[in-house]
Amino acid sequence: MKNLILIILFIFNLRPLFSGQNIYPLDSEYTKWAELLPKIKILKKQYPDLVKWEILGKTATNHFPIYAINISDFSTKNGKPKIIIIGQHHSEEPVGIEIAYSLAETLCKRYNLQENITNLVNEFSWWIIPTINPEGMYYFQNGDYDHKRKNNSDTNKNGKFDLKYDGVDLNRNYDFNWNNNDHFSPESRYFPGFSSKSEKEIQIISKFMKEKSFQLAYFYHSSYSGNFSEMIFFPWKRDNVISYDYHKMLDLAKIMQQKLPKDYEKSYYKIYSQDFAKRSLARDFIYANCGTLAFNIETCGIKNGIPIVFPNNKKMKKIVRKNINAIFASAESYYENLTKITVVDLKNRPLINEPYIFQNQKTKYPLHKTNDFGSIYIYKNREKFVKIRDISYSINDTIHTFIKK
Ligand SMILES: [Zn+2]
Numbered sequence: 183m184k185n186l187i188l189i190i191l192f193i194f195n196l197r198p199l200f201s202g203q204n205i206y207p208l209d210s211e212y213t214k215w216a217e218l219l220p221k222i223k224i225l226k227k228q229y230p231d232l233v234k235w236e237i238l239g240k241t242a243t244n245h246f247p248i249y250a251i252n253i254s255d256f257s258t259k260n261g262k263p264k265i266i267i268i269g270q271h272h273s274e275e276p277v278g279i280e281i282a283y284s285l286a287e288t289l290c291k292r293y294n295l296q297e298n299i300t301n302l303v304n305e306f307s308w309w310i311i312p313t314i315n316p317e318g319m320y321y322f323q324n325g326d327y328d329h330k331r332k333n334n335s336d337t338n339k340n341g342k343f344d345l346k347y348d349g350v351d352l353n354r355n356y357d358f359n360w361n362n363n364d365h366f367s368p369e370s371r372y373f374p375g376f377s378s379k380s381e382k383e384i385q386i387i388s389k390f391m392k393e394k395s396f397q398l399a400y401f402y403h404s405s406y407s408g409n410f411s412e413m414i415f416f417p418w419k420r421d422n423v424i425s426y427d428y429h430k431m432l433d434l435a436k437i438m439q440q441k442l443p444k445d446y447e448k449s450y451y452k453i454y455s456q457d458f459a460k461r462s463l464a465r466d467f468i469y470a471n472c473g474t475l476a477f478n479i480e481t482c483g484i485k486n487g488i489p490i491v492f493p494n495n496k497k498m499k500k501i502v503r504k505n506i507n508a509i510f511a512s513a514e515s516y517y518e519n520l521t522k523i524t525v526v527d528l529k530n531r532p533l534i535n536e537p538y539i540f541q542n543q544k545t546k547y548p549l550h551k552t553n554d555f556g557s558i559y560i561y562k563n564r565e566k567f568v569k570i571r572d573i574s575y576s577i578n579d580t581i582h583t584f585i586k587k
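Just so we're aligned, residue 183 is where the sequence shown starts under my numbering, counting upward by one.
This is the structure:
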């Protein structure tokens, strides 16, 4: 009888469950919510010189912590470029958590054994956040509801938790062009919240993004509907106007693409270049507010017309491996083409957290700031002039007394 009920439930569910390729509840080697903190603690214990971790804050409904793992050699006194990886916004997209955690583990395990990884740990400060949606992760992984996507905010305002209706789509809640959202109702899977930044998770992570001012960002998703399977997105193109750093991000996306063959087809992840941008998404928010070069990677492919978003252990690990290689390849290329400039005033004091714009920058976005050491990082050195406090600084030449390299 129980089997019969299960079969009926399967038939009435969305497409992914029709296939034997999707396993729900998840296969055995996916990280469960209860395993995440112990795993982080073990990593810290094994590699105390390379790992720090912290709780960025707690969610509003269940008071679950959001963990961040920081991997670095922690040696550079005057700062180094920072990378942020968020494994998960949407809880029915579990593969990104595995990418994030395995990335942290790989950086530690291969340090001093593999040259390129040793360099990446020495050159960058890595901030790895397996999930910013622990409430959704917990309920999704319980095996109760394979569509669980949002957090657990009581959006139908009935004073109790409704697994199938409550919650906000966290990747639509960022405080950037929030009004550009389609008008999904509170019970929709895509409900963007009653106002921008209404959700505690988004308040926590956007504050963190602005404080750290990252140079590179990787956000992981998997397309449950299959509409965006195996694609790379970055900010932005809208009404045929592209972002100031569009071509830089395109170059890096192409490097990632070479490492990302599709799961079930003989081609590669697609770089999505149509108009779909300037929204309240993590990638658009972080680029607009911090100038971070940001990528949204939709993992998991389609087999016989069915999106395989909960692959078995073996397939999941393959997806994790190639995505980590794509991060490494793009971060290496970024570093090879990087110019670091420390901006100082006439008395040779670094200008710390100072807003700046590039001379050729026609629009308000991105909003840049120098970092805690007065540094700015320029990928591919296309800019020659930068404007700070209404003073124009020339990079590498004429007013070099204002510029300390
Ligand atoms: Zn997603």
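No residue lacks a Cβ here, since even glycine has one placed at the ideal position from N, Cα and C. The structure displayed is predicted, hence computed values, not measured ones.
Can you determine whether any heavy atom of ligand 1 sits closer than 7 Å to the C-beta of ASN353, and answer yes or no?
yes
Buried or exposed: where does GLY487 fall if 16 or more other Cβ atoms within 10 Å of its Cβ makes it buried?
exposed
Using a Cβ-Cβ cut-off of 7 Å (strictly less than) and excluding sequence neighbours within five positions of ALA435, which residues of its own chain qualify?
ILE414, PHE416, ILE453, PHE477
Contacts around TRP309, its chain only, beta-carbon distance under 6 Å, and the 5 residues preceding and following it disregarded
ALA250, ASN252, ILE266
If you draw a straight line from the C-alpha of GLN397 to the C-alpha of LYS551, how long is it?
11 Å
I'd like the span of the beta strand (DSSP E) that includes ALA250, first residue to last.
247-253
From this set, ILE509, GLY473, ILE479, ILE484, which residue's C-alpha is nearest GLN543's C-alpha?
GLY473
Report yes or no: do three or more beta-carbon pairs, one from the region 562-570 and one from the region 531-539, lie closer than 8 Å?
yes
Run through DSSP, which three-state label would ASN478 get?
strand
Any residue with its C-beta under 5 Å from a non-hydrogen atom of ligand 1 counts. Can you list them all in chain order?
HIS272, GLU275, HIS403
Helix, strand or coil at LEU398 according to DSSP, with G and I counted as helix
strand
Could you check which residue in ARG292, MET319, ASP344 has the C-alpha nearest to that of LEU352?
MET319
Can you tell me which of the three DSSP states SER284 falls into?
helix
Exposed unless 16 or more other CB atoms sit within 10 angstroms - verdict on VAL162:
The first residue shown for the chain is 183 and the last is 587, placing residue 162 beyond what the model contains.
Cβ neighbours of ARG461 in the same chain (closer than 6 Å, five flanking residues each side left out):
ASN359, ASN362
PRO532: which of TYR206, ILE558, THR243 sits nearest, CA to CA?
ILE558
Which of the three DSSP states is assigned to LYS569 in this structure?
strand
Check whether the region 383-397 touches the region 238-248, taking contact to mean three or more Cβ pairs, one atom from each stretch, closer than 8 Å.
yes
By a C-beta neighbour count over all protein chains shown, 10 Å radius and 16 as the cutoff for buried, is HIS271 buried or exposed?
buried
Is the region 373-387 in contact with the region 328-348, if contact means three or more CB pairs nearer than 8 Å?
yes
The beta strand (DSSP E) with LYS234 in it runs from where to where?
233-240
Please go through the same chain and pick out, in chain order, the residues whose beta-carbon is closer than 8 Å to the beta-carbon of PHE343, but skip the five residues on each side of it.
THR243, ASN334, ASP336
If I follow the unbroken beta strand (DSSP E) through VAL525, where does it start and stop?
520-525
Work out the CA separation of SER425 and SER411 for me, nearest whole Å.
24 Å
DSSP beta-bridge partners of TRP308:
ILE253, ILE265
Would MET438 and VAL277 be called neighbours here (beta carbons separated by less than 8 Å)?
no
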